[in-house]
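Participant: One structure, as structure tokens, below. Some questions next.
Numbering (the numbering used here), first residue to last: 5 to 135.
This is the structure:
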């Protein structure tokens, strides 16, 4: 069972469902957008989804329940799929990328559609090109 830490309310650039990963929006301060891959800095996981005013509560520390978009094992590093669902990081999918943003790691296993807990530990995996 997730024990969310700090929860903050943000404006959203679009409607976002509950239990989805969100990323920092470059459009405005204190604004989030649906996470669609591993290219942007993760903020956290939505609790209830956006309201009619495009406001959303986001769990940004500790653990949070998120919908899995594929098979996940406990301990897998987590990134977002195109729908903001959690998927396991597969480095083979990012060959040639210089930056991969990770949302955290899975606390339990599950398959697509499972609402499972992840520990939010945003990090950057980067490759530095040789000079």
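Even for Gly, the Cβ is constructed at its ideal location relative to N, Cα and C.
Tell me whether residue 33 sits in a helix, a strand or coil according to DSSP, three-state version.
Facilitator: The answer is coil: DSSP assigns residue 33 none of H, G, I, E or B.
Participant: So residue 57 is in the beta strand (DSSP E); what residue range does that whole segment cover?
Facilitator: Looking at the DSSP string, residue 57 is not in any beta strand (DSSP E), and its letter there is neither H nor E.
Participant: Rounded to whole angstroms, what's the CA-CA distance from residue 25 to residue 131? Just pull it up for me.
Facilitator: Those two C-alpha atoms are separated by around 24 Å.
Participant: Roughly how many angstroms separate the alpha carbons of residue 110 and residue 63, rounded to a whole number?
Facilitator: Going from the Cα of residue 110 to the Cα of residue 63 covers about 15 Å.
Participant: Are there 16 or more other CB atoms within 10 angstroms of the CB of residue 2, so buried, or fewer, so exposed?
Facilitator: Summary: the structure shown does not reach residue 2, with the chain confined to residues 5 through 135, and so no result is reported for it.
Participant: By Cβ distance below 6 Å, which residues in the same chain neighbour residue 16 in space, the five residues on each side in sequence not counted?
Facilitator: Taken in chain order, the residues that qualify are 36, 54, 58 and 60.
Participant: Is it buried or exposed, residue 23, if we count other Cβ atoms within 10 angstroms and call 16 or more buried?
Facilitator: Its Cβ being crowded by 16 or more others within 10 Å, residue 23 is buried.
Participant: Nearest to residue 33 by CA position, among 14, 51 and 49, is which residue?
Facilitator: Residue 33 has its Cα closest to that of 14, out of 14, 51 and 49.
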